[in-house]
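Reading through the C-alpha cells given below for one structure.
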Amino acid sequence: MWWFVIRTVPVTVNAQELNVHEGVSVEQLLEDNDAFGVTAGNLVSVGGNVITEGGGARATVSVNGEEVPADQFAQRGLMSGDELEVSDGTDVQEEYEESVESLAPGLQTDGTGAIQFVSQWGQAGEKKVWTGKQSEEKVDKEVTKEPVDMVISYINPKPKDGNKYLALTFDDGPSKYTGQILDILKEKGVHATFYNLGQNAEANAALCKRVVDEGHEMASHTNQHMNLPNESRDSLRNEISSAADRIEQASGFRPQMIRAPYGAFTTTEWARSADLISCNVLWNIDTLDWKRPGADAIKQEVLSNAYNGAIALMHDGGGDRTQDIEALPGIIDGLKEAGYKLVTVKELMKLDGRFPDDVINGTVKVPEGAVMPEA
Ligand SMILES: [Zn+2]
C-alpha cells in the first residue's frame, strides 16, 4: 500500500527546523508540540476581567509572515518550506448583547443673582451598552447622542426704564402680625411679596386670602420650614407640593414661586423638583430682623443698602415681629423719598426683561420630552 505512505517535509518554527507530515494543520502541530511552550490568552469579560485563564487563543501563529486567525488553525495545512512564528495567544472577549440606553442630562448653572429659574430644560442622550453573555457585566460603550444639560440661571433683576424699583418680601407667615403689616402696606398704597409657609397658611387661612385679595404677590416658603438639602427627594417634593396645596386652599391662588427656607436650594434640589416650581427667590438685602436689632436698625439696613432691583428680606411670622411692624412705615416712606417704587418680585422680573413669561407668571410647564437630571 505504498500510496498511503505519508511524506514528511521540513518547515521552520521560530527559526528552528522541524520535519512534519505534509499537510498537517496548524492546530495539530500546536497540539503535537505543546504549543512550543507559549502561553494561551484568556477569555475575558466585556469589562476586561478574566473569565477563564487560558480560555483565549491557544497561540499567535503566522505562516510566511501572515497571521493565521485562531479560528482557521484547523483548516490551515502546512507545506514544505513554510516558516512559522509561534508566540503567546491573545485574549478573547466573551460574546455580548448590545443595547441602547438613555443617558440622563447633567445640570449646569449660569450667572449669579437672587432669582433662580430653569433657562434650559434637559434632554436625554443615548449610549450603547454591552452586556457580557457569560459575565453579565454591563459596560458603557460610545455615546451615540449627547444629552442636553438642564441650565439653572441666576439673575439679579435690573429694571432699565430709568426708574428705581425695590421689592419688600415677608417670610414665615401668615401669623398674628401679618394683619398689621397688611394694614400698613394698604395705608401706604404699596405691594409686597409674601413667602408663606403651607402650615401657617392652613392655620391662618383668612390672612393668607387677604394677602392675595389686597393685590400682594403670594409665594411659597414651603410647608414646614425644613432645611431642604437635608431632606429626601420625596420629602422635598412634598414640602413644595403640600405648601402649594395649602396656600391654594386658603387663598385660591396656587404659587409656583418659592423661597427655600434659609435660601438653601442647591442644584440637587433643582434636579429633584424643577417640575414643581417656577423660580426660587433669594434676597439682596437682609434686614436681620429675626435678631430683633431694633426697628431703626431694620429700617437703616434697607435704606442704606437700597438699589434699583433689590429684593429686601423681612419676616411677618416665625417669631415676635413687632420691630418689623414698627420699622415698616419708615422703610416705605424713606424708600419713596429716595425715589423708589415698591413693587412685587414678579413686577421686578417683568421690568428686567430677561425672565421668560412662564417664570414671571408662575405657569411653568415642563416641555414635552424634557428629562430631569439624575439626583
Ligand atoms: Zn424662613
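Numbers 106 to 480, taken from the numbering used here, label the letters of the sequence shown in order.
Don't be surprised by glycine CBs; every beta carbon is placed ideally from N, CA and C.
Predicted, not measured: the structure shown is a model, and the values here were computed from it.
Leaving out the 5 sequence neighbours to the left and right, which residues in its chain are closer than 8 Å to residue i when beta-carbon positions are compared?
{"i": "Asp266", "result": "Leu456"}
{"i": "Gly381", "result": "At residue 381 the sequence reads Leu, which differs from the Gly that was named. The residues are Arg342, Ile345, Ser346, Ala349 and Gln361."}
{"i": "Asp421", "result": "Phe275, Asp276, Asp277, Gly278, Pro279, Ser280, Tyr282, Thr283, Ile286, Phe299 and Asp429"}
{"i": "Phe178", "result": "Ser130, Val131, Glu132, Leu135, Arg163 and Val166"}
{"i": "Lys314", "result": "Ala355, Ser356 and Gly357"}
Does residue i come out as helix, strand or coil in the three-state DSSP assignment?
{"i": "Ser346", "result": "helix"}
{"i": "Leu208", "result": "strand"}
{"i": "Gly182", "result": "strand"}
{"i": "Gly237", "result": "strand"}
{"i": "Ala324", "result": "strand"}
{"i": "Pro360", "result": "coil"}
{"i": "Asn413", "result": "coil"}
{"i": "Lys269", "result": "strand"}
{"i": "Asn309", "result": "coil"}
{"i": "Asp277", "result": "coil"}
{"i": "Gln329", "result": "coil"}
{"i": "Phe222", "result": "strand"}
{"i": "Ser167", "result": "strand"}
{"i": "Lys314", "result": "helix"}
{"i": "Phe460", "result": "coil"}
{"i": "Leu387", "result": "coil"}
{"i": "Tyr445", "result": "strand"}
{"i": "Gly216", "result": "coil"}
Tell me which same chain residues have a C-beta within less than 6 Å of the C-beta of residue i, skipping the five on either side of it?
{"i": "Ile220", "result": "Ile260, Cys384 and Val386"}
{"i": "Asp425", "result": "none"}
{"i": "Arg364", "result": "Tyr300, His326 and Val386"}
{"i": "Glu251", "result": "Gly230"}
{"i": "Ala400", "result": "Gln428, Glu431 and Ala432"}
{"i": "Val256", "result": "Gln213, Asp215, Ser224 and Gln225"}
{"i": "Glu127", "result": "Arg112 and Val114"}
{"i": "Val151", "result": "Tyr201, Trp235, Gly237, Glu242 and Val244"}
{"i": "Asn309", "result": "Pro279"}
For residue i, which residues of its own chain have a beta-carbon under 7 Å away from its beta-carbon, when the five flanking residues on both sides are left out?
{"i": "Ile437", "result": "Lys293, Val295 and Leu447"}
{"i": "Glu200", "result": "Lys238"}
{"i": "Glu406", "result": "Ile390, Thr392 and Leu393"}
Out of the options, point me to the one whose CA is closest to residue i's CA.
{"i": "Ile416", "options": "Asp276, Ala164, Ile156 and Lys232", "result": "Asp276"}
{"i": "Val145", "options": "Thr157, Ser280, Thr371 and Gly161", "result": "Residue identity differs from the one stated: residue 145 is Ala in this sequence, not Val. Ranking the options by Cα distance to Ala145, first place goes to Gly161."}
{"i": "Leu290", "options": "His321, Ser280 and Gly467", "result": "His321"}
{"i": "Asp193", "options": "Ala443, Gly186, Ala175 and Glu206", "result": "Ala175"}
{"i": "Trp395", "options": "Asn301, Leu418, Ala365 and Glu158", "result": "Leu418"}
{"i": "Gly368", "options": "Val166, Val471 and Gly218", "result": "Gly218"}
{"i": "Asn154", "options": "Lys263, Asp401 and Asp196", "result": "Asp196"}
{"i": "Arg459", "options": "Asp245, His126 and Pro264", "result": "Pro264"}
{"i": "Ser204", "options": "Val234, Gly227, Gln180 and Glu188", "result": "Val234"}
{"i": "Ala324", "options": "Ser340, Pro334, Leu333 and Ile352", "result": "Ile352"}
{"i": "Gln272", "options": "Phe141, Asp139, Asn305 and Lys441", "result": "The residue you asked about is not Gln; residue 272 is Ala in the sequence shown. Comparing Cα-Cα distances from Ala272 to each of Phe141, Asp139, Asn305 and Lys441, the minimum goes to Lys441."}
{"i": "Gly423", "options": "Asn119, Asn328, Glu473 and Ser150", "result": "Asn328"}
{"i": "Gly331", "options": "Glu319, Leu302 and Asp318", "result": "For the record, residue 331 in the displayed sequence is Met; it is not Gly. Among Glu319, Leu302 and Asp318, the Cα nearest to that of Met331 belongs to Leu302."}
{"i": "Ala480", "options": "Arg377, Met454, Asp254 and Val149", "result": "Arg377"}
{"i": "Trp388", "options": "Pro262, Ala475 and Ile156", "result": "Pro262"}
I'd like to know whether the C-beta of residue i is nearer than 9 Å to at least one C-beta of chain C.
{"i": "Val244", "result": "The question asks about chain C, but that chain is absent: this structure has only one protein chain."}
Run the CB neighbour count on residue i, radius 10 Å, all protein chains shown included, and call it buried at 16 or more, exposed below.
{"i": "Gln361", "result": "buried"}
{"i": "Leu393", "result": "exposed"}
{"i": "Lys451", "result": "buried"}
{"i": "Thr449", "result": "buried"}
{"i": "Val248", "result": "exposed"}
{"i": "Lys246", "result": "exposed"}
{"i": "Arg338", "result": "exposed"}
field: Touch test, the region 210 to 224 against the region 184 to 192, Cβ-Cβ under 8 Å, three pairs minimum
entry: no
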